[in-house]
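Worksheet: the structure to be examined is printed underneath.
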Amino acid sequence: MKRLIQFFILFLTLTSNAQTKIKSNDTDVTVVYPKSNHREITKIWKSLKTIQKDWIKVEKDKNGYLIYHPCDGKTETIKLEDGRLTINWRLEDSQKFELEKFTRLTKNNAFRADAYDLENKIGFEINAKIIDYKNGIVLWEFNGNKWLMTPKENI
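Each residue of the sequence shown is one higher than the one before, counting from 108 in the numbering used here.
Now the structure itself:
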């Protein structure tokens, strides 16, 4: 039960403007809703510049989408800026990659790009596809990982 309560430390339903404090035996849980009901993203991406710059990982449950705030690390994020991609992992240090060869896919609601880390000589393919434009949900796939993400402004 304690693990379940920790899972909901920061809960995002993307539907209301309120904050509720719930008291438990040994854990405080704060439910936070976004300040704005405007969470849509564009249905198509015309270029790399039209894609939101800051993304945060979300989890899906039966009630909607939530942001999991782990007690032993940080919530995963991705940042796009100036032809670079920064991945902030839960426990590991962040990694910065140069983006090469950006290609729009499937009616411009997805893209693929090559990312390369000059320091560690690591390269891989990144794919991102709009899953739910009304709620601003995009599936990012890279290096064996699949993350559902939303723009940070939706927090």
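Glycine included, C-beta positions come from ideal geometry on N, C-alpha and C.
None of these values were measured; they are calculated from a predicted model.
Look at the beta carbons and you see the region 210-222 touching the region 230-248: at least three pairs across the two are nearer than 8 Å. The beta carbon of LEU212 is closer than 8 Å to those of PHE218, ARG219, ASN234, LYS236 in its chain, skipping five residues each way along the sequence.
For the beta strand (DSSP E) assignment, the uninterrupted runs of no fewer than 3 residues enclosed by the region 184-217 are, from N- to C-terminal side, 184-188, 191-195, 202-212. Residue nearest to ASP179 within the set TRP196, ASN215, GLU147 is TRP196 (criterion: CA-CA distance). A direct Cα-Cα distance of roughly 16 Å separates TRP254 from SER201. DSSP places LYS150 outside both helix and strand once states are collapsed to three, so it counts as coil. Within its own chain, the residues whose Cβ lies closer than 8 Å to the Cβ of LYS150, once the five positions on either side in sequence are excluded, are ASN216, ILE237, TYR240, listed in chain order. Counting only residues of its own chain and dropping the five nearest sequence neighbours on each side, THR210 has a CB closer than 6 Å to the CB of ARG219.
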